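To start, the structure under review is shown below, and the notes come after it.
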Amino acid sequence: MSAKFEPITGRYMQLDLFGRPHRIYVEEAGEGTPLLCLHTAGSDGRQYRALMNDARVTGRHRVIAFDMPWHGKSSPPAGWHAEEYQLTSAQYTGMILEIMTALELDRPIAIGCSIGGRIALHLALEHPQRFRAIIGLQAGAHVDPYYDLNFLHRPDVHGGEVAAAIVSGLVGPDAPDADRWETLWHYMQGGPGVFKGDLYFYKIDGDIRGRVAQIDTRKCPLFLLSGEYDYSCTPEETRAVAASIPGCEVTIMKGLGHFPMSENPAEFFKHLLPVLEKIGRRDLLPA
Amino acid sequence: MIETLAARVNEDEALVRRGRFLTTTFLLEVGPAAWLISIYQGRVVSVARGPFVMPSSSFALRAPEEEWRKFWSSRPPPGSNDLMALIKRRVLTAEGNLQIFMAHLRYFKEALAKLRTAGAAA
């Protein structure tokens, strides 16, 4: 039995964010157009492992995923032990742009899922000139809380167990078992209160319903792909967002859930690869 | 059909093991019909059908019969495939001491989904 190494490299980046030093874990694979990947709430960049391991993507793209501060192998900033983590739209946008600048990414394609899909809408609205194209997975303009978020962070409920149990039904029915449970494992590994802190952005601060129709896809193409079985960001909600934005392209992915790139990569690629090809072709057109 | 819950749960060793710190009685309402389900250290020890005069339970799960029928179908449609999906659509209400429900959420999801297996039409 010989070891096989995946073509992914990981590095730790020291970077000041919001006036404080941070240690950010960044993974990448491939060469070509930068493809910046944004993970879901309470998880980390491992959700994009399949994109980094597929030559159809890495042959033409430099696929990059960073773990947000507090997530995965990125640390919370010094002083975290006395704070309550709450992600805001301004922090989220700021960290993405700062990390892009630090990595010297020239107009990357951004792909984000769930909270990453939501911030993708913010980026499309506020910073379209910084991106070649934006792909929002499970991207809705708003989600009403449908359970008491306090259960995600209290000492008599195990945070990792409940986070995974909350999201387990968001995985589509056809997900291979290995990928389903890998996806849930990432949730089980989240730090105390981190999933809850991300949902502050998702369910409260990041509401973009009033402004989403102002997105101008002539400045930056916008593609929305949503899984049929997602009850957090439903296909109906994605369709409603797409319908309000002229030029926005929408795909509903049958049988998939809330974590398409992680729960069922083979099915997801059937929808993603044509989008990447389309973005690549647009790129060749004269401006 | 609900009465088969004990056998279906108790034969799953991994599920019983995950529930080893769970001892409680909860109320399950399927439309107008009610069951009191008692769990002792992860094993379902009784499933009693109502009506009850004074049912005592830690929490209750209530949904219309049609919603449970979809939830228990062999391939539930989107929106009916998970307890949280039903709660999100406001068709399942969870009331009572929900700390027990949430601390053992995976257990309750998997236990109730046991009624989904072959011959599980409600």
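Sequence order for the protein chains is Y and Z.
FYI, the numbering for the first sequence is 67 to 353, going by our numbering.
FYI, the numbering for the second sequence is 28 to 149, going by our numbering.
Note that the Cβ used here is the ideal one computed from N, Cα and C, for glycine as well.
Model, not experiment: these values are computed from the prediction.
How is Y/D273 classed by DSSP in three states: helix, strand or coil? Three-state result, Y/D273: coil.
Straight-line CA distance for Y/E303 to Y/G183? Y/E303 and Y/G183 have their C-alpha atoms spaced approximately 12 Å apart.
Can Y/L187 and Y/H324 be called in contact, C-beta distance under 8 Å? no
Close-in-space but distant-in-sequence residues of the same chain around Y/G293 (CB under 7 Å, 5 per side omitted): The beta carbon of Y/G293 lies closer than 7 Å to those of Q204, G238, M319, L322, G323, H324, P326 in the same chain, with the five residues before and after it left out.
With contact counted as at least three CB pairs below 8 Å, one residue from each stretch, are the stretch 145 to 158 of chain Y and the stretch 122 to 129 of chain Y in contact? no
My output table needs one value for Z/V36: the three-state DSSP class, helix, strand or coil. The DSSP-derived three-state label of Z/V36 is helix.
Contacting residues, own chain, Cβ-Cβ under 6 Å from Y/T317 (five flanking each side not counted): L291, H337
Just to confirm my understanding: we take Y/D240, look at its own chain, exclude 5 residues before and 5 after, and list those with CB closer than 8 Å. What are they? Excluding the 5 residues flanking it on each side, Y/D240 has same chain C-beta neighbours closer than 8 Å at G321, L322, N330, E333, in chain order.
Against chain Z, does Y/S141 count as a neighbour if the rule is that its beta carbon must be under 8 Å from one of theirs? no
Closest Cβ-Cβ distance between Y/I224 and chain Z: below 8 Å? The amino acid occupying residue 224 of chain Y in the given sequence is His; Ile does not appear at that position. Yes, its Cβ sits closer than 8 Å to a Cβ of chain Z.
From the DSSP output, read off the bridge partner residues of Y/R86. Paired residues: Y/L83.
Just to confirm, are Z/L110 and Z/F135 a CB contact at a threshold of 8 Å? One thing to note: Z/L110 has its Cβ within 8 Å of the Cβ of Z/F135.
Assuming Y/Y158 contacts Y/I185 under a Cβ cut-off of 8 Å, what Cβ separation, rounded to an integer in Å, is found between them? So it is a contact: roughly 5 Å between Cβ atoms.
Quick check on the DSSP output: the beta strand (DSSP E) that includes Z/F48 runs from which residue to which? Element bounds for Z/F48: n/a, residue is neither H nor E.
Does Y/E192 come out as helix, strand or coil in the three-state DSSP assignment? Of the three classes helix, strand and coil, the one that applies to Y/E192 here is helix, per DSSP.
Going by DSSP in three states, Y/T99 sits in which element: helix, strand or coil? strand
Let me know the secondary structure DSSP gives Z/E93 once reduced to three states. Judged by DSSP in its simplified three-state form, Z/E93 adopts helix.
Tell me which residues share the same chain as Y/G226 and place their Cβ nearer than 8 Å to its Cβ, disregarding the 5 neighbours each side in the sequence. Y253, M254, Q255, G256
Specify, as a first and last residue, the run of the beta strand (DSSP E) that Y/G263 falls within. First-last for Y/G263: 260 to 266, but that is the alpha helix (DSSP H), not the beta strand (DSSP E).
Counting pairs of Cβ atoms below 8 Å between the stretch 91 to 104 of chain Z and the stretch 194 to 203 of chain Y, do you hit three or more? no
Pairing CB atoms from the stretch 203 to 220 of chain Y with CB atoms from the stretch 30 to 49 of chain Z, are three or more of them under 8 Å? Taking a cut-off of 8 Å for Cβ pairs, the stretch 203 to 220 of chain Y and the stretch 30 to 49 of chain Z do not touch, as fewer than three such pairs fall below it.
Under 8 Å Cβ-Cβ, which residues of chain Z neighbour Y/V228? M129, A130, L132
With a 10 Å radius around its C-beta and 16 neighbouring C-beta atoms as the bar for buried, classify Z/R44 as buried or exposed. exposed
Quick check on Y/S328: does DSSP put it in helix, strand or coil? DSSP places Y/S328 in helix when its eight states are reduced to three.
Which same chain residues, not among the five before or five after Z/R133, have their C-beta less than 8 Å away from its C-beta? R45
Can you give, in chain order, each stretch of the beta strand (DSSP E) that sits fully within the stretch 100 to 143 of chain Y and has at least 3 residues? For the stretch 100 to 143 of chain Y, whole beta strand (DSSP E) runs of length 3 or above, ordered along the chain, are 127 to 132.
Do three or more CB pairs link the stretch 79 to 91 of chain Z to the stretch 272 to 279 of chain Y at distances below 8 Å? no
Give a yes or no on whether 8 Å exceeds the smallest Cβ distance from Y/P340 to chain Z. No - not a single Cβ of chain Z is within 8 Å of the one on Y/P340.
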